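**Student:** Below is one structure. I have some questions about it.
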Amino acid sequence: MAQSGIPVNDECKKTFFEELKDKPKGKPRLKYIIFKLNKTQTEIVIDKVSTEANYESFLNDLPENEYRWAVYDFEYDLGDEGKRNKIIFISWAPDKAGLKIREKMTYSSSKAALSQALEGNGFPQVHATDFDELTEEELFRKAEPNRRR
Numbered sequence: 017m018a019q020s021g022i023p024v025n026d027e028c029k030k031t032f033f034e035e036l037k038d039k040p041k042g043k044p045r046l047k048y049i050i051f052k053l054n055k056t057q058t059e060i061v062i063d064k065v066s067t068e069a070n071y072e073s074f075l076n077d078l079p080e081n082e083y084r085w086a087v088y089d090f091e092y093d094l095g096d097e098g099k100r101n102k103i104i105f106i107s108w109a110p111d112k113a114g115l116k117i118r119e120k121m122t123y124s125s126s127k128a129a130l131s132q133a134l135e136g137n138g139f140p141q142v143h144a145t146d147f148d149e150l151t152e153e154e155l156f157r158k159a160e161p162n163r164r165r
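Structure follows, in structure tokens:
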């Protein structure tokens, strides 16, 4: 997919690497970061960050009618094999957003730039258009594609 040419704000990369991916020194690790386009659609910026471990809090921070991207530190239990964490990249594109085709294309093509800036597309990805597609079960399927819960 062609990239939109919309740059990723340096704060997005810094926050991801220093406060979510790598264990930050002296403060709690972030659980998720939500990104958006700025008002003029000229740059990808941070919308929200949280250390809240409750998945419901993350879902509540996603707007019902606006596009977003997010990285979520998904923790899951494999029983005898113990707990695991995997960062999941989420594209949130609700049907209720009512965007024009050009705006949808801008968001869609900007996803690649953000994903590349953060981890080079190295994490599982989920594309969701409604909350039914963002269940913890779906995240588990992406994190562990060869396992069943």
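Positions in the sequence shown are counted from 1; adding 16 to them yields the numbering used here. Heads up, the beta-carbon is just placed ideally off N, CA and C, and yes, glycines get one too. Please read all numbers here as calculations on a predicted model, not as lab measurements.
(1) What separation, rounded to the nearest whole angstrom, lies between the Cα atoms of P44 and K37?
(2) Rounded to the nearest angstrom, what separates A18 and S126 at their Cα positions?
(3) Is L150 closer than 7 Å to V104 when the C-beta atoms are compared?
(4) Could you pull out every residue in the same chain whose Cβ sits closer than 7 Å to the Cβ of D25, ignoring the five residues on either side in sequence?
(5) Give every residue of the same chain whose Cβ lies closer than 7 Å to the Cβ of N70, excluding the five residues on either side of it in the sequence, and list them in chain order.
(6) Taking all protein chains shown into account, decide if K116 is buried (16 or more other Cβ within 10 angstroms of its Cβ) or exposed.
(7) Within 10 angstroms of its Cβ, does P110 collect 16 or more other Cβ (buried), or is it exposed?
(8) Which of the three DSSP states, helix, strand or coil, is assigned to L115?
(9) List the DSSP bridge partners of N101.
(10) Along the beta strand (DSSP E) that carries K64, what are the first and last residues, could you check?
(11) Output yes or no for whether 7 Å exceeds the beta carbon distance between K112 and E80.
(12) Starting from Q141, follow its DSSP beta bridges and name the residues at the other end.
(13) Could you check how far apart the C-beta atoms of I106 and Y88 are, in whole angstroms? I think they sit under 8 Å.
(14) How far does the alpha helix (DSSP H) with K52 in it reach, from first residue to last?
(15) Taking the beta carbon of S131 as the centre, do at least 16 other beta carbons fall within 10 Å, making it buried, or is it exposed?
**Tutor:** By the coordinates alone:
(1) 12 Å
(2) With a pLDDT of 44 at A18, under the threshold of 50, the modelled position of that residue is not reliable, and the figure given next carries that caveat. Using only the alpha carbons, I get a separation of about 9 Å.
(3) As written in the sequence, residue 104 is Ile, which differs from the Val given in the question. Contact flag unset, no.
(4) At residue 25 the sequence reads Asn, which differs from the Asp that was named. Cβ neighbours of N25 beyond the five flanking positions: E59, I60, V61.
(5) none
(6) exposed
(7) buried
(8) coil
(9) E91
(10) 60–66
(11) yes
(12) F105
(13) 6 Å
(14) Element bounds for K52: not the alpha helix (DSSP H) but the beta strand (DSSP E), 48–53.
(15) buried
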